[in-house]
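Colleague: Chains as they are written, first to last, in numbering that gives the first Met the number 0: chain A, 0 to 559; chain B, 0 to 300; chain C, 0 to 367.
In this text, a Cβ means the ideal position worked out from N, Cα and C, and glycines have one as well.
This structure is in structure tokens; I'll ask about it shortly.
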Amino acid sequence: MNAQDAVLETGYQSGIPPVNYLNIKTTLASWLLTKDHKRIALMYLVSVSVFFMIGGLFAATIRLELLTPASDLLETGTYNKVFTEHGIMMIFFFLIPSIPAVLGNFLIPIMIGAKDLALPRINLISLYIYWFAGALALYGLMVGGVDTGWTFYTPYSTTFSNTYVMIVGLAIFINGFSSILTGLNFIVTIHTMRAPGMTWFRLPLFVWAHYAVSLVMILGTPVVAITVLLLAIERVSRVGIFDPSIGGDPILFQHLFWFYSHPAVYIMVLPGMGVVSELISNFSRKKIFGYEFIAFSSIAIAVFGFLVWGHHLFVSGQSPYAGMVFSFLTMVVAVPSAIKMFNWTATLYKGSVSFDTPMLYGLGFMGLFLIGGLTGLFLGSMGLDVHLTDTYFVVAHFHYVMVGGQVIAYLGGIHYWWPKMTGRMYSEFWGKISAMLVFVGFNLTFFPQFLLGYMGMPRRYAAYPPEFQVLNIFSTAGASVLGIGMLMPVIYLVHSLKFGKPAGDNPWMLPGLEWRTTSPPPLENFATPPVVTWEAYEFGEGSGLDLEEARRRAAAPAIL
Amino acid sequence: MSTHGHSDKFVYHEPGLQHQFSDMEQQEESVSIGMWMFLVQEIMFFGGLFTAYLVFRSKYPMAFAAGSNHLDAFWGGLNTIVLIVSSLTMALTVYYAQKGNRNLQVIFIILTMLFGATFLGVKAIEYNDKYHHGLVPIAGLNLRAKGTAGAEQHPEGKPCWEVAGHSAEPAAEHQYVNPKGEFEWADCSLAKLAQDEGYLTTAEQIGYFSNGELDGNKFRDKVRIFYYLYFVMTGLHALHMIVGLLLMTWLLWTAYKGYYNADYYMPVEMSGLYWHFVDIVWIFLFPLLYLLGRHFLHAGH
Amino acid sequence: MQTTNWVPLFPEQASTFAWQVDALYFYLVAVSIAFSIPIVLAIFVFGMKYREREKYVSGAEIHGSMVLETTWSIIPFVVSMTIFLGGAIVFFNQMTPPDDAMTVYVVGKQWMWKMQHETGQREINELHVPLGRTVKLTMTTEDVIHDFGLPEFRTKADVVPGRYTYLWFTPTKPGKYHLFCQEYCGLNHSGMGGWVYVMEQRDYDNWLSGNVSGQTPVEMGKDLFENKLGCASCHAGGPQQRGAKLEGVFGSTVKLTGGGTVVADDNYIRNSILNPASQVVEGYQPIMPTFKGQVTEEQLNALVAYVKSLTPGAATNSPSPASTAPSPANTAGGTGASANNMTPAKADRGKQNAAGSNPNTPSNSNSR
């Protein structure tokens, strides 16, 4: 069955189908006890957005405090809690779940032609665990918070900090299982639930990226889980292996912590790269350049990502020889990312490039991840890292890759698949405006921080020497622009739910399998289970898309 | 919650087939990969603990040997045999499920559970022994014993390597005095032995000594790390064992109701996988915790 | 030391290997630009040249190119290896002190740095070194992990409890350079800084012999109190206050813990500095460290004179230590002692103490 038939079968070409996964049942129980991956994805969307706003509020507070050299807006102790909690909220409760739990959950079954994930109940449990962990973390914040930094270095966190390390640590421990179950589900699903004809090399790169991410989630997260558990035990019982005053080794904590937390950054960025592959290819209306290379690069990043954790420990007292091995491997892991960047650029060549909002985010990702990734090389080079580590250079680097990379890819993906998830189109005008505000605001916020870092301004400082003030002011100004740019989608996306134009099945006329079902999709994703006969990103004759018909429909009024 | 809608018209649902799968083969493949992935992640979970063990044992081998000597290899060995046999009964459960023999399935599940419970019982005995000898690393969690007035656990001035407190032979003059329920370890003779024969590690040369003298308290701290790892590792393992027993309870119930036969015995096989995993973790734990430095025991220390 | 008024973009090079670090940096900047410009240019050019002319027209059917993939795998790999090698060489330099180094012992603690020269001088939050002489720091910490960071020297190293770590440099330019704590260590992490003074040999010799010209005892005491010894971090008011306020103390009758009173005279002040645990004021914790061996007799006299001056009428006029203006002897961006007590005393300071971090009594923690 080709795409055209699939669309015609439903009988709803341009409008919102009367019965779809959103309205098939509307009781509260039907949402909270759902096994439908699409509903679970939406509930994750709301949840991660809440945590993003909380983390964003903390970020705003940090930037306001740093307008002046003295610690005058907040008590130093409070500032320490604010930056810690900004990190914890953003990393564990927003960045790590965001793309996999929202977009991955929604799209992977549809992209492979399946009815649902392989293990829907595990998916629901994963959501519950996330909610419970998030609630526990928020409770910890409310009764007093933590001030150890999101990295929880010992012995400060085990013995010296007078804050609620155990509660928040426990929340992170529990949250890890949400991540593990999601990853487990994806691996099983991608292996066993592909529709007939959907071979591995016909899979969208979004799916490849999530397969790689799932490997990291399953192998890495348990290590941080046990580490945080040991930290909590040591905190409570005053016995353990991390505090030297009782015989322990603080560097062991760092090794165990970073063994997960480095792969964690790949958990964050790989799905973003998967989204970008989709955006660049589809909005150039051209098959992605070097499909296999991008697919294998994702796997390579996942594997090599496990071997570089020591680059966080160059000045910690780690052996210089170990440091050399880690530095070498850090350089190696940069290469697959470079390969992807070149492939995306080459995809634009002789394409048919349109600049819709999602594509703006995709291109933004490319520019910002370029800077972020390159500055990673600065930090992987040991001699330079000695000067730059623990300064604002590191802060700028990871914000470039995590915000400039991951968050922008997430926003791009949300905008790209919004019509599929909700059946509505948002205002393209406001979409473009906010994409540009985000890009400009982001650079203004974080580029000065590279300069501050080279100057030597340390990170996690509530007060700083006055000569750093001017650059800090630029940074805060940029943050306000960035904040506005990020708030705008909340408004116009929510607005579109009621007032947006119905999108139809395939608003951009793209060949992906997700566009060959209605928007929003029916409960079991497809009216009839698809059989795949076309290659990935096939824009030519084989795609089965009737472009003449599409142009005609685009000109005609929407049939509701 | 969701209606099956039109799919019911097209697909015959075998009993036990979940709606997202098109046939039993797909479901079984999925469940199998899922369980293996779960076990892989459990290995990584224990892996962190094994890493910590590795680091501290390489740093303080004599303290680890001393601590290990006080663990009773008899109980540990018994538990090992118990678990291996339970893996056998578990494998037989799967075999008879495959054969559709309901009665033998049930019998072997019960036997597996019995062995599992035995394992836990032995662990309880061991933990209780630690409780009574001041070997629980957390202060306050050991038996508190005020002791008679004037009774000294260590006569004044006796150096820690001449105290027979926690060696293999029970010392007659040793009386358990532990008013605050703290971790107690008085015997550093193995450290002295290594010092005399010149094979202390670099870390030990700093870690056991104060001002050039062997310091019983510092040695005790290192032994306490051994017991901390012992409790965390075996405790986590026991937790997994308990989960295993709960799993067996469910399996017993469903097997009793006759759910499993040659066509459908996946849940039994998956439960078997989990059980074997728990067994294998113990196979690693036992020698690493119980069998260190056994030659010291025979050397008459 | 920044003496320009415009926005600083680059720290001074004050050590022998600083230029190597900067060279590596510039090489990396060049590599970054060399990679970024073609890619960004390509994105712009392709985006413009190949923009969608008619709706839904597909792009060309191009799948990939083995040649291109190989090229742009190998070239980045080779470049990254050069970066690795450069970094490794510089790092080895930074980790290998020459044999003729003079050793200074450093101990970090929350939230101050204590240095001790081999010749016996002790310093707090400051390090005086002679120009051109290689200095090797042997460091540890009393409590949590800190980091001894010297941006203008382009080096830093963590200090870890339970072991020694090392750092070396050879200063090439006289001046005053930042010392920052660069590993988050708790409440006053941002205040745990100081200065490294690189002096010409003659000046350094002067300093070694303790010759500080032109200060009255009260001025010297004030300098010691606010800057050099870190007293102000606990005694000068603000939310970090943990010690008794000293205004009006001299000459008054002080209540001690455990009952008993004493008149706060010269001996009392002197004893509180050398043996603080013996006479703790009621209501305060016995956490003041002793300064025995760290202050000379001359310095003790200066401190007593200063504390005396805090009681109106008892001595010559001098500004109250609770003022937030640093003394004129110190430039802005001062050390941990005064930099972070800018917040005026708050009404709920008492509550701050209870809820705030009190690292010296970790067993008091009732939070998890």
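For my contact list, residue 96 of chain C and residue 135 of chain C are in at a C-beta cut-off of 8 Å; report their separation, rounded to the angstrom.
Modeller: Yes, residue 96 of chain C and residue 135 of chain C are in contact; Cβ-Cβ is about 5 Å, under 8 Å.
Colleague: What's the call for residue 48 of chain C, buried or exposed, on a 16-neighbour Cβ count within 10 Å?
Modeller: So residue 48 of chain C counts as exposed.
Colleague: Determine the burial state of residue 393 of chain A: buried for a count of at least 16 other Cβ atoms within 10 Å of its Cβ, exposed for fewer.
Modeller: Classification of residue 393 of chain A: buried, given that the 10 Å Cβ count is 16 or more.
Colleague: Of the residues C:93, C:77, C:299, C:35, which one's Cα is nearest the Cα of residue 217 of chain C?
Modeller: Residue C:299 is the option with its Cα nearest to residue 217 of chain C.
Colleague: So residue 257 of chain B packs on residue 182 of chain B, CB below 8 Å; how close in whole Å?
Modeller: 52 Å between Cβ atoms; not a contact.
Colleague: How close, in whole Å, do the beta carbons of residue 105 of chain C and residue 20 of chain C come, if the pair is a contact with beta carbons under 8 Å?
Modeller: About 21 Å separates the two Cβ atoms, so there is no contact after all.
Colleague: Which chain A residues sit within Cβ distance under 8 Å of residue 227 of chain B?
Modeller: Here the neighbours are 238, 239, 240.
Colleague: Under three-state DSSP, which class holds residue 628 of chain A?
Modeller: Residue 628 of chain A is absent from the structure shown; chain A starts at 0 and stops at 559.
Colleague: Hey, which unbroken runs of the alpha helix (DSSP H) at 4 residues or more fall wholly within the stretch 1-65 of chain C?
Modeller: Whole alpha helix (DSSP H) segments, 4+ residues: 17-48.
Colleague: Indicate whether residue 221 of chain A and residue 23 of chain B have their beta-carbon atoms separated by less than 7 Å.
Modeller: Result no, Cβ atoms of residue 221 of chain A and residue 23 of chain B do not sit closer than 7 Å.
Colleague: Cutting at 6 Å between CB atoms, please list the residues of its own chain near residue 274 of chain B, excluding the five before and the five after it.
Modeller: Closer than 6 Å at the Cβ level, and outside the excluded window around residue 274 of chain B, lie 89, 243.
Colleague: Per DSSP, what are the beta-bridge partners of residue 180 of chain C in this structure?
Modeller: DSSP lists C:147 as partners of residue 180 of chain C.
Colleague: Could you tell me whether the stretch 174-188 of chain A touches the stretch 74-85 of chain A, where touching means 3 or more Cβ pairs closer than 8 Å?
Modeller: No, they do not touch.
Colleague: Quick check: the Cα distance between residue 60 of chain A and residue 474 of chain A, rounded to an integer number of angstroms?
Modeller: Approximately 13 Å between the Cα atoms of the pair.
Colleague: Between A:148, A:113, A:156, A:239, which has its C-alpha nearest residue 196 of chain A's C-alpha?
Modeller: When each option's Cα is compared against that of residue 196 of chain A, the closest is A:113.
Colleague: What does a CB cutoff of less than 8 Å around residue 453 of chain A pick up in its chain, not counting 5 residues either side in sequence?
Modeller: Taken in chain order, the residues that qualify are 386, 387, 390, 392.
Colleague: Expressed to the nearest angstrom, what Euclidean distance is found between the alpha-carbon atoms of residue 96 of chain B and residue 264 of chain B?
Modeller: Straight-line Cα distance between these residues: approximately 6 Å.
Colleague: From the beta carbon of residue 33 of chain B, is the nearest beta carbon of chain A less than 7 Å away?
Modeller: Chain A, which has a Cβ nearer than 7 Å to the Cβ of residue 33 of chain B, makes this yes.
Colleague: Taking 7 Å as the CB-CB limit, is residue 400 of chain A close to chain C?
Modeller: So, not an interface residue.
Colleague: Can a CB atom of chain A be found closer than 7 Å to the CB of residue 145 of chain B?
Modeller: Output row for residue 145 of chain B: interface = no.
Colleague: Could you name the residues of the same chain whose beta carbon sits closer than 8 Å to that of residue 171 of chain B, not counting the 5 residues immediately before and after it, in chain order?
Modeller: Reliability fails at residue 171 of chain B, whose pLDDT of 40 lies under 50, so the model's placement of it is uncertain and no value is given.
Colleague: So, does the stretch 493-511 of chain A touch the stretch 158-178 of chain A, judging by three or more C-beta pairs under 8 Å?
Modeller: As far as the Cβ criterion goes, the stretch 493-511 of chain A does not touch the stretch 158-178 of chain A, which means the pair count is below three.
Colleague: Is the CB-CB distance between residue 218 of chain B and residue 190 of chain B below 7 Å?
Modeller: Yes, the pair counts as a contact, with Cβ atoms nearer than the cut-off.
Colleague: For chain C, is any of its Cβ atoms less than 7 Å away from the one on residue 344 of chain A?
Modeller: True, the Cβ-Cβ gap to chain C drops below 7 Å.
Colleague: Measuring only the C-alpha atoms, how far is residue 348 of chain A from residue 65 of chain C?
Modeller: Those two C-alpha atoms are separated by around 16 Å.
Colleague: Candidates A:238, A:271, A:371, A:43: which alpha carbon is nearest residue 131 of chain A's?
Modeller: Per the Cα distances, A:43.
Colleague: What does the alpha-carbon distance come out to for the pair residue 145 of chain C and residue 316 of chain A?
Modeller: Going from the Cα of residue 145 of chain C to the Cα of residue 316 of chain A covers about 12 Å.
Colleague: Out of curiosity, what's the CA-to-CA distance linking residue 14 of chain A and residue 293 of chain A?
Modeller: Cα-Cα distance, rounded: 35 Å.
Colleague: Is the Cβ-Cβ distance between residue 126 of chain C and residue 195 of chain C less than 7 Å?
Modeller: Yes; because the gap between Cβ atoms is below 7 Å, this pair is in contact.
Colleague: Is the Cβ of residue 28 of chain B closer than 7 Å to any Cβ of chain A?
Modeller: Answer yes: the Cβ-Cβ gap between residue 28 of chain B and chain A drops below 7 Å somewhere.
Colleague: My understanding is that residue 266 of chain A touches residue 212 of chain A, with C-beta atoms under 8 Å, so please give their C-beta distance in whole angstroms.
Modeller: Confirmed, Cβ separation roughly 6 Å.
Colleague: With residue 138 of chain C as the anchor, note down where its beta strand (DSSP E) starts and where it stops.
Modeller: Looking at the DSSP string, the run of the beta strand (DSSP E) that includes residue 138 of chain C is 134-140.
Colleague: Are the stretch 237-252 of chain A and the stretch 377-385 of chain A touching, with three or more C-beta to C-beta distances below 8 Å?
Modeller: No, because fewer than three Cβ pairs between the stretch 237-252 of chain A and the stretch 377-385 of chain A fall closer than 8 Å, the two stretches do not touch.
Colleague: If you draw a straight line from the C-alpha of residue 360 of chain A to the C-alpha of residue 408 of chain A, how long is it?
Modeller: Distance between the alpha carbons of residue 360 of chain A and residue 408 of chain A is about 6 Å.
Colleague: How about residue 220 of chain B: is its C-beta nearer than 7 Å to some C-beta of chain A?
Modeller: Closer than 7 Å to some Cβ of chain A, the Cβ of residue 220 of chain B qualifies, so yes.
Colleague: Does any CB atom of chain B fall closer than 7 Å to the CB of residue 150 of chain A?
Modeller: No, no contact with chain B.
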